[in-house]
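Notes follow once the structure below has been shown.
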Amino acid sequence: MDFGLPATKRSPGLSAPADSDRSIHCPMLSTLIRFATLRLRLGLTRPLRRRAIAKMASLGRAPMSALFYHRVADTHPNGWTIGCKAFVRHVDYCRKNFDLVSLSEIQTRCTTARSYRPAVSFTFDDGYAENCDFAIPLLLKHKIPCTYFVSLQHILTGQAFDHDLKAGQPLRINTVREVREMADAGIEIGLHSRTHIDFDQVTCRKTLKREIIDAKSQLADLIGKPIRYFAFPFGLPNQLTPQAISMVHESHMLGFCSAYGAYNLVGQDPFHIRRIHGDCDFERLDNWLSFDKRKLLNQPTVEYALSEKMAERTLPFPIVQSKKTATSTAANQSASGPI
Ligand SMILES: [Zn+2]
Numbered sequence: 011m012d013f014g015l016p017a018t019k020r021s022p023g024l025s026a027p028a029d030s031d032r033s034i035h036c037p038m039l040s041t042l043i044r045f046a047t048l049r050l051r052l053g054l055t056r057p058l059r060r061r062a063i064a065k066m067a068s069l070g071r072a073p074m075s076a077l078f079y080h081r082v083a084d085t086h087p088n089g090w091t092i093g094c095k096a097f098v099r100h101v102d103y104c105r106k107n108f109d110l111v112s113l114s115e116i117q118t119r120c121t122t123a124r125s126y127r128p129a130v131s132f133t134f135d136d137g138y139a140e141n142c143d144f145a146i147p148l149l150l151k152h153k154i155p156c157t158y159f160v161s162l163q164h165i166l167t168g169q170a171f172d173h174d175l176k177a178g179q180p181l182r183i184n185t186v187r188e189v190r191e192m193a194d195a196g197i198e199i200g201l202h203s204r205t206h207i208d209f210d211q212v213t214c215r216k217t218l219k220r221e222i223i224d225a226k227s228q229l230a231d232l233i234g235k236p237i238r239y240f241a242f243p244f245g246l247p248n249q250l251t252p253q254a255i256s257m258v259h260e261s262h263m264l265g266f267c268s269a270y271g272a273y274n275l276v277g278q279d280p281f282h283i284r285r286i287h288g289d290c291d292f293e294r295l296d297n298w299l300s301f302d303k304r305k306l307l308n309q310p311t312v313e314y315a316l317s318e319k320m321a322e323r324t325l326p327f328p329i330v331q332s333k334k335t336a337t338s339t340a341a342n343q344s345a346s347g348p349i
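Offset between the sequence shown (1-based) and my numbering: plus 10.
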């Protein structure tokens with residue numbers, strides 16, 4: 011795999027798939043109306059948003075966002091694929107407007123109140139082979155930090171994801187060699203469980219251990235690098251069970267990522283890194299990254315309790331214990347496809 015300059019292999023006519031599953035009778039019309047509404051709302055509220063961000067930044071509390079993508083490619087468009095040209099637009103927008111940082115830098119800023127400029131971190135879930143053709147080389151070219159979460163069994167066997175099989179598109183998975191080469195090139199590899207399991211359905215400790223602790227060790231051995239972060243498959247509050255989160259902590263990883271759409275703010279528990287859906291249309295991305303305080307009103311909190319004594323030994327930052335769980339109102343961001 012060549013991690014030099016990205017190849018220019020864009021096919022005309024394809025663009026990032028919008029949330030087609032939400033479109034009802036006329037997908038095109040529905041999408042246009044949604045774009046127009048978002049644009050209008052953003053245009054009207056942007057001055058206020060900018061003032062709020064400037065004030066937060068002056069206090070060292072600028073918001074931080076972690077984006078999650080799945081697949082960057084111009085073939086087989088679906089709800090979890092973004093075209094190369096659209097991805098370039100995302101990257102250029104982020105380079106211009108944000109500090110581009112690693113997950114560990116987000117954690118540091120959460121705890122030190124030294125967030126003087128809004129920040130974005132790039133992540134990928136699942137491990138689709140085409141990402142190595144364009145997206146990863148592009149990020150490396152611009153020296154943009156990136157965390158790439160893979161499902162261990164899928165990279166070991168090449169087995170397509172169930173959601174792709176159901177869609178009749180058995181899309182190609184990264185090989186172990188590709189993952190190792192990404193790690194060697196400077197991409198941080200994270201764990202996305204062993205089998206892309208839905209933790210909402212798992213209570214057995216043995217299964218949790220196999221999916222998290224054992225998979226983490228095996229992945230680390232495969233790539234020759236430590237695995238520091240975990241991303242929950244599907245990533246909605248239902249999957250973020252206290253037992254699974256404790257297992258992530260027990261595995262000595264530094265944090266876990268959700269995927270229901272939320273910001274990372276100074277003072278929040280840095281063990282939980284909240285992410286925003288990246289492989290969506292640009293208007294939606296712009297709307298999220300142009301910090302909207304109103305979104306904070308509907309965000310769920312995730313309940314879990316870590317051993318503070320253990321955290322002191324294993325984490326480079328203090329934990330902030332979460333309290334009550336709001337109901338799973340994560341639909342405000344909800345993924346447009348399997349995550
Ligand atoms: Zn996934």
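C-beta atoms are modelled at their ideal positions from N, C-alpha and C, and glycine is treated no differently.
Note that this is a predicted model, so its numbers are computed, not measured.
With a threshold of 6 Å, establish whether the CB of residue i neighbours any heavy atom of ligand 1.
| i | result |
| --- | --- |
| Pro243 | yes |
| Asp135 | yes |
Give the straight-line distance between the Cα atoms of residue i and residue j, rounded to the nearest whole angstrom.
| i | j | result |
| --- | --- | --- |
| Phe242 | His86 | 25 Å |
| Lys226 | Pro236 | 9 Å |
| Glu188 | Ala177 | 25 Å |
| Ala64 | Pro147 | 33 Å |
| Arg71 | Gly245 | 25 Å |
| Ile116 | Cys156 | 12 Å |
| Ala193 | Gly234 | 9 Å |
| Arg44 | Leu232 | 44 Å |
| Ser112 | His282 | 14 Å |
| Met263 | Tyr79 | 21 Å |
| Glu140 | Leu54 | 38 Å |
| Leu92 | Asn107 | Checking the displayed sequence, the identity of residue 92 turns out to be Ile instead of Leu. About 21 Å. |
| Ser172 | Arg60 | Checking the sequence, you will find Asp at residue 172 rather than Ser. Their Cα atoms are separated by approximately 42 Å. |
| Phe266 | Val276 | 17 Å |
| Leu39 | Leu48 | 14 Å |
| Arg304 | Arg204 | 36 Å |
| Asn297 | Arg285 | 14 Å |
| Ile223 | His259 | 9 Å |
| Arg119 | Cys36 | 44 Å |
| Gln100 | Leu110 | The residue asked about is misnamed: residue 100 is His in this sequence, not Gln. Going by the C-alpha atoms only, they are around 12 Å apart. |
| Phe132 | Thr213 | 31 Å |
| Asn274 | Gln169 | 34 Å |
Leaving out five residues on either side along the sequence, give the residues of the same chain with a beta carbon under 7 Å from the beta carbon of residue i.
| i | result |
| --- | --- |
| Leu166 | Val186 |
| Pro328 | Thr121 |
| Ser300 | Leu52, Arg56, Arg59 |
Within 10 Å of its beta-carbon, does residue i have 16 or more other beta-carbons around it, so buried, or fewer, so exposed?
| i | result |
| --- | --- |
| His152 | exposed |
| Ile34 | For Ile34, the pLDDT reaches just 46, beneath the cut-off of 50, and the residue's location in the model is therefore unreliable, although a value from the coordinates is still provided. By the neighbour-count rule (16 or more Cβ atoms within 10 Å), Ile34 is not buried but exposed. |
| Asp279 | buried |
| Pro326 | exposed |
| Ser317 | exposed |
| Arg32 | Model confidence at Arg32 stands at a pLDDT of 41, short of 50, so the residue's coordinates are unreliable and nothing is read from them. |
| Tyr314 | buried |
| Leu42 | exposed |
| Ala272 | buried |
| Glu322 | exposed |
| Ser261 | buried |
| Ala269 | buried |
Kindly list the residues whose CB is nearer than 6 Å to the CB of residue i, restricted to its own chain and excluding five residues on each side of it in sequence; keep chain order.
| i | result |
| --- | --- |
| Val103 | Reading off the sequence, residue 103 comes out as Tyr, not Val. So no residue of the chain qualifies. |
| Asp174 | Pro180, Leu181 |
| Glu198 | Thr157 |
Near residue i, which residues of its chain fall below 8 Å by C-beta distance, leaving aside the five closest residues on each side in sequence?
| i | result |
| --- | --- |
| Gly137 | Tyr158, Phe159, Val160, Ser161, His164, Ile165, Ile183, Asn184, Val189, His202 |
| Ala230 | Pro236, Ile237 |
| Ile207 | Thr217, Glu221, Pro243 |
Quiz item: Can you find at least 3 beta carbon pairs, one from the stretch 289 to 309 and one from the stretch 245 to 259, that sit closer than 8 Å?
Solution: no
Exercise. Evaluate contact between the stretch 56 to 76 and the stretch 125 to 133, counting only Cβ atoms and requiring at least three cross-stretch pairs below 8 Å.
Key: yes
Quiz item: Are at least three pairs of beta-carbons, each pair with one atom in the stretch 275 to 291 and one in the stretch 85 to 105, less than 8 Å apart?
Solution: yes
Exercise. Could you say if the stretch 207 to 227 and the stretch 174 to 182 meet the contact criterion of at least three C-beta pairs nearer than 8 Å?
Key: no
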